[in-house]
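Notes follow the structure.
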Amino acid sequence: MGVFEDKKFEELDWISQATEPIDSQMNEVLGKVPEIVQIDFPTYEKIVHEGYGLDLSLQSVITFAIAKFTPGNPISRNQMNALEKCFVLEFTGDEIVLDFENKTISGGEITLVKLNSTMDEKVLESMLGSEGLDMLNYARFSGSGSLTRTNEVMELLGKCEEGLKTRSERRKRGVLIKRLRMLFKNNEWKIKDTELANKVGVWISEYISDGNLSAFSNFCRLKVMTHKDQPIYSMKEVE
Amino acid sequence: MTKLLDLTENFKISRPVFCLQLDSSGRNIRANTSHPKHIYRPKPIEGDPLSELVCENYREVFDVRGGHFQVDKGEIANRAMQQIRGSISNFIEQNLEMRNPRQSKLYRWAYRNMPNSSEINDVLVMVYKYLRSFCNADNMRGHDADHLKNGFALLEAIMEKYEQ
Chain A
454 MGVFEDKKFE ELDWISQATE PIDSQMNEVL GKVPEIVQID FPTYEKIVHE GYGLDLSLQS
514 VITFAIAKFT PGNPISRNQM NALEKCFVLE FTGDEIVLDF ENKTISGGEI TLVKLNSTMD
574 EKVLESMLGS EGLDMLNYAR FSGSGSLTRT NEVMELLGKC EEGLKTRSER RKRGVLIKRL
634 RMLFKNNEWK IKDTELANKV GVWISEYISD GNLSAFSNFC RLKVMTHKDQ PIYSMKEVE
Chain B
3 MTKLLDLTEN FKISRPVFCL QLDSSGRNIR ANTSHPKHIY RPKPIEGDPL SELVCENYRE
63 VFDVRGGHFQ VDKGEIANRA MQQIRGSISN FIEQNLEMRN PRQSKLYRWA YRNMPNSSEI
123 NDVLVMVYKY LRSFCNADNM RGHDADHLKN GFALLEAIME KYEQ
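Chains as they are written, first to last, in this note's numbering: chain A, 454 to 692; chain B, 3 to 166.
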C-alpha cells in the first residue's frame, strides 16, 4: 500500500482529520507575512521601481511583502486575486508626503494590514484545480495519438460519453474541461490540497500533448486513491 | 527655432515632493505626478507672444528611477514651432478675403507643402511674432487692414522663395 499512502493526512492531528480542512500553500504564505508591514521610503521606492508610475497598488505591495517574507514562493494570478482580499492599505496621518529630495515619507505612515491569517475555506474550494485547468486550455491536442490519449483520460474520469463519441479535437477538449470543472466543483475526488488539485490538469495536459507516462502514472495513482473515499492531501509522485 | 530654444533656456523643474492619496477601497495609493506639492510653471514675458507660446508648451515628466522631474527643451521648442506653423495656416484661413480660403495657393502651400528646415523655421518665428502684433491669439483673426496686407505680402514672398 506504500504507493498509495497519504502521508500528509496521516500526519494531521485528529481534529484536522475529522474536519478535513483544505490545505494550501497560500495559508503558509499568509502566515509568514506579519500583521502589519510598514511602507517606508526605501520600500516605496523599491516597489515603484518594479512598475511604471509612482502610484502604488495593493497587488504590488503584496507581491513585495511575499517576496520579502516568504522568498521562493511564486504567486499565480488566481492566487493573487484571492490574497488581495486578505490585505488592505492604510494611512495614518492627515497628509502623507512622499519626498524624493530628502528621501522620506512624512506626515504619517503607510501600512499594509493583514485582515485574515488563513484563507477562507470557500475561496480555497473555488480555487481547486483552477491552474491545472488553465494549462489544459492551452495544451496542444493535435499531436499523433493525442486523441486516443484524450479518450483514455476521459474513460478514467467517467461521465464523458459525449467527448468519447466525437472525433473533434476542440469538442473533446471542451468536454474534458467541463468534466474536470464539475469534478472540482463537487470535489468528487475529495482532494483537500490546492497544489495537488492543480496538478491534475497539469498531468492530463502533459500526457495528452506529449504522451508523458510519468504524468499519466501520477494521474492513475490519484484516481486509485479516490477509491478509498477518504480525503486526499498528498500522494507519492513518480518523477 | 533658435529664438524658441533660447526662451526655454531658463526653464526649471518642480520639486519631486508629492501628497499621497489613498482611495476609498484601500487598494491604491495615488501620487499625482502632474501636481507635485511645489509645482513649477514658467512665467511668460509680458507682451511677448513667443514667450507665451513656449511657456504654454512647457511639460515636465517625472522620472521614477531617477526620482526627479525632467524637461526636454528641444521637444518644447518643437511643439511651439508646430503651433506656429498651424497658426500661419489659420491666419490665412481667417483673413484671406476669398469665398473659400482653403482653395488658395498660399493656404495649400502653408498647410501641406511648407518646408521644415531650420532656416525657414527661423523666418516663420519672426513672421509669427509680427502677425501676433495685430491678430487675436485664439483664432489669428487680424484687425488692421494694412498689417493684414503686409502679412500676406510677407507670406507670399516666403512661399515664392522656398517654393523654388
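Ideal Cβ placement from N, Cα and C applies to all residues, glycine included.
What you are looking at is a predicted structure, and each value in this text was computed from that prediction instead of being measured.
| Sequence-distant residues of the same chain with beta carbon closer than 6 Å to N59/B, five excluded per side | A distance below 6 Å between beta-carbons, with the five flanking residues on each side excluded, links N59/B to the following residues of its chain, in chain order: I78, R81, A82.
| Does any CB atom of chain A fall closer than 9 Å to the CB of I31/B? | At least one chain A Cβ lies under 9 Å of I31/B.
| query | Apart from the five residues on each side of it in sequence, which residues of its chain come closer than 6 Å, Cβ to Cβ, to M116/B? | reply | Within the same chain, no residue comes within 6 Å of M116/B by CB-CB distance, once the 5 residues on both sides are set aside.
| Any chain B beta carbon closer than 9 Å to V541/A | So, interface residue.
| At least three beta-carbon pairs within less than 8 Å, the region 642-659 of chain A to the region 577-594 of chain A | At 8 Å Cβ cutoff, the stretches touch.
| request: Reducing DSSP to helix, strand and coil, say where L581/A ends up. | output: Coil at L581/A, not helix or strand.
| said: Please confirm whether H37/B has its beta-carbon closer than 9 Å to some beta-carbon of chain A. | reply: Not one chain A Cβ lies under 9 Å of H37/B.
| said: Taking 8 Å as the cut-off, does the region 533-540 of chain A touch the region 474-484 of chain A (at least 3 CB pairs, one atom from each stretch)? | reply: Touching, per the Cβ criterion.
| Beta-carbon of H145/B versus every beta-carbon of chain A: anything under 9 Å? | H145/B does not count as touching chain A.
| query | Using the beta-carbon count (16 or more within 10 Å), is L568/A buried or exposed? | reply | Exposed, by the Cβ-count rule.
| According to the Cβ coordinates, are D74/B and V63/B closer than 9 Å? | Yes, the Cβ-Cβ distance between D74/B and V63/B is below 9 Å.
| message | In whole angstroms, give me the CA-to-CA distance for C57/B and D140/B. | response | Answer to the nearest angstrom: the Cα atoms are 16 Å apart.
| query | Does the beta carbon of P44/B come closer than 9 Å to any beta carbon on chain A? | reply | Chain A places no beta carbon closer than 9 Å to that of P44/B, leaving this residue out of the contacts.
| field | D508/A: contacting residues in chain B (beta-carbon distance under 8 Å) | value | Chain order gives the chain B residues near D508/A as N30, I31, R32, A33, where near means a beta carbon separation below 8 Å.
| field | Interface residues of chain A facing R17/B [CB-CB closer than 9 Å] | value | Within chain A, the residues near R17/B are D552, F553, E554.
| D124/B (DSSP reduced to helix, strand or coil) | D124/B: helix per DSSP, three-state reduction.
| request: May I ask you to list, following chain order, the residues of the region 51-66 of chain B that have a beta carbon less than 7 Å from some beta carbon of chain A? | output: Against chain A - using a Cβ distance shorter than 7 Å - the residues of the region 51-66 of chain B are F64, V66.
| message | Residues of chain A with CB closer than 7 Å to the CB of G69/B, please, in chain order. | response | At a C-beta separation below 7 Å, G69/B has these neighbours in chain A: F553.
| task | Would you list, in chain order, the members of the region 488-517 of chain A that have their beta-carbon closer than 9 Å to a beta-carbon of chain B? | result | Within the region 488-517 of chain A, the residues whose Cβ lies closer than 9 Å to any Cβ of chain B are, in chain order, I492, Y497, E498, V501, H502, G504, Y505, G506, L507, D508, L509, S510, L511, Q512, V514.
| query | In terms of residue numbering, what span does the alpha helix (DSSP H) encompassing I475/A cover? | reply | Neither: I475/A is in no alpha helix (DSSP H) and is coded neither H nor E.
| query | Is there contact here, the region 456-463 of chain A with the region 667-685 of chain A, by at least three beta-carbon pairs under 8 Å? | reply | Yes, the region 456-463 of chain A is in contact with the region 667-685 of chain A.
| task | Throw me the rounded Cβ distance for the V125/B and I86/B pair, which I believe falls under 8 Å. | result | So it is not a contact: roughly 11 Å between Cβ atoms.
| message | Among L150/B, G69/B, S119/B, whose alpha-carbon lies nearest the alpha-carbon of I94/B? | response | Comparing Cα positions, the closest option is L150/B.
| Alpha carbon to alpha carbon, how far is S106/B from N152/B? | Near 17 Å, if we compare the C-alpha coordinates of N152/B and S106/B.
| message | Short of 8 Å in beta carbon distance, which residues of its chain neighbour F512/A, apart from the five on each side in sequence? Order them along the chain. | response | Looking at the sequence shown, residue 512/A is not Phe but Gln. Answer for Q512/A: M533, E537, listed in chain order.
| field | Test: C137/B CB closer than 9 Å to a CB of chain A | value | Any Cβ of chain A closer than 9 Å to the Cβ of C137/B would place that residue at the interface, and such an atom is absent.
| Three-way DSSP call (helix, strand, coil) for E62/B in this model | Annotated three-state conformation of E62/B is strand, per DSSP.
| query | T496/A: buried (16+ other C-beta within 10 angstroms of its C-beta) or exposed? | reply | The residue in question, T496/A, is buried, as its Cβ has 16 or more Cβ neighbours within 10 Å.
| said: I need the boundaries of the beta strand (DSSP E) containing C21/B, first residue and last residue. | reply: For C21/B, the uninterrupted beta strand (DSSP E) run begins and ends at 19-24, by DSSP.
| message | Closer than 8 Å is the cut-off here; do at least three beta carbon pairs connect the region 543-557 of chain A with the region 5-18 of chain B? | response | Counting C-beta pairs closer than 8 Å gives three or more between the region 543-557 of chain A and the region 5-18 of chain B, which meets the contact rule.
| Counting along the chain, where does the beta strand (DSSP E) carrying F71/B start and finish? | The continuous beta strand (DSSP E) containing F71/B extends over residues 70-73.
| field | Integer Cβ distance of F494/A from T557/A, believed to fall under 8 Å | value | Yes, F494/A and T557/A are in contact; Cβ-Cβ is about 5 Å, under 8 Å.
| task | Classify G627/A as helix, strand or coil using the three-state DSSP reduction. | result | Look at G627/A here: in three-state DSSP terms it is helix.
| Reduced DSSP category for Q683/A - H, G, I as helix; E, B as strand; rest coil | Residue state, collapsed to three classes: coil.
| Closer than 7 Å at the beta carbon, the chain B residues around E548/A | Neighbours of E548/A on chain B, chain order: C21.
| query | Which same chain residues, not among the five before or five after M100/B, have their C-beta less than 7 Å away from its C-beta? | reply | Residues of the same chain with a CB within less than 7 Å of the CB of M100/B, apart from the 5 flanking positions on each side, are S106 in chain order.
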